[in-house]
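Below is one structure, written out as structure tokens, with a few remarks after it.
In my numbering, the protein residues as written are 947 to 1240.
The structure is reproduced here in structure tokens:
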């Protein structure tokens, strides 16, 4: 098995994450449309990471098979279709909620530093986004029925960038709403929202990549695959670490951060305790229907 070249092992994360964000920022500054910038930057970097994963998986048993690709692209198609359906509902909900908030707290949008530098606003937006998602994500690991909704995301026994989008509809929609609605209600600009969305997408890909990346001190500030591996190892309800996305800040605050660099690459991903009412072997259909079993 070929190993990832050293310069890519140490350089892939900062180049993709910070480089992708910088390109998106400059493209928006040049007046390009928000959807074009998002899908171009995220799409190009996703293809790049996917190609590297095919050549240099960290473990041979993590090498994607034809069936893996078919399942991953199935989830990609479902996610895209679901987003098209959910986007109008989310926007309508945000407008209604925003109007309701403005009638009661007219100065609510004044809480956001609209005149601050764009990149500082992106950092703040990521912190707000991840804060509201943290609590719900942690709850999904603690409460039985919520865990059954979230179990699909933890079912893979290998990493790969598209494992980031493996999820039940009742998992992704609440998480998406909890992250974006506060920002919309605060009146965050479309430019900052787009850059935040790019950051979230790149963070998700890099957290789930099968590449053997070395991220050093960045793992204490960003959600790298070294950090997220701990979250996915030996998945069992009632337990878990590293629930934050983008940054582990909220894990520090609420005492759920864990890294253990000496165990990187030595953990088992997936279920250590098989969910009740889930047949073995489990198909995607079984995982989608799991929350509806009596």
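Glycine included, every Cβ here is placed at the ideal spot set by N, Cα and C.
Classification of residue i by the beta-carbon crowding that lies within 10 angstroms, buried from 16 upward
i: residue 1118; result: buried
i: residue 1170; result: buried
i: residue 1079; result: buried
i: residue 1184; result: Note that residue 1184 has pLDDT 47, beneath the 50 cutoff, so the model's placement of it is unreliable and no number is given.
i: residue 951; result: exposed
i: residue 1063; result: exposed
i: residue 1007; result: exposed
i: residue 1172; result: buried
i: residue 1285; result: No information on residue 1285 is available, as it lies outside the stretch 947 to 1240 that the chain covers here.
i: residue 971; result: buried
i: residue 1004; result: buried
i: residue 953; result: exposed
i: residue 1103; result: exposed
DSSP beta-bridge partners of residue i
i: residue 1179; result: 1215
i: residue 1003; result: 1157
CB contact flag (residue i, residue j, <8 Å)
i: residue 1155; j: residue 1105; result: yes
i: residue 980; j: residue 1136; result: yes
i: residue 1159; j: residue 1009; result: no
i: residue 1054; j: residue 978; result: no
i: residue 889; j: residue 1071; result: The structure shown does not extend to residue 889, since the chain is modelled only from 947 through 1240, so no value can be given for it.
i: residue 1195; j: residue 999; result: no
i: residue 1141; j: residue 1178; result: no
i: residue 1174; j: residue 1143; result: no
i: residue 1138; j: residue 1088; result: no
i: residue 968; j: residue 983; result: no
Pairwise C-alpha distance: residue j and residue i
i: residue 957; j: residue 1014; result: 27 Å
i: residue 1116; j: residue 1193; result: 24 Å
i: residue 1056; j: residue 1198; result: 28 Å
i: residue 1121; j: residue 1076; result: 10 Å
i: residue 1050; j: residue 1059; result: 20 Å
i: residue 1151; j: residue 1107; result: 4 Å
i: residue 1235; j: residue 1123; result: 22 Å
i: residue 1098; j: residue 1021; result: 11 Å
Residue i at chain C interface by Cβ criterion, 8 Å
i: residue 1075; result: Absence of chain C from the displayed structure is noted, only one protein chain being present.
> Three or more C-beta pairs closer than 8 Å, one from the segment 1101-1115 and one from the segment 1183-1200: is that the case here?
Replying inline: Judged by Cβ distances under 8 Å, the segment 1101-1115 makes no contact with the segment 1183-1200, as fewer than three pairs qualify.
> Do the segment 1088-1096 and the segment 1150-1167 touch if we need at least three Cβ pairs shorter than 8 Å?
Replying inline: Cβ pair count under 8 Å is below three, so no.
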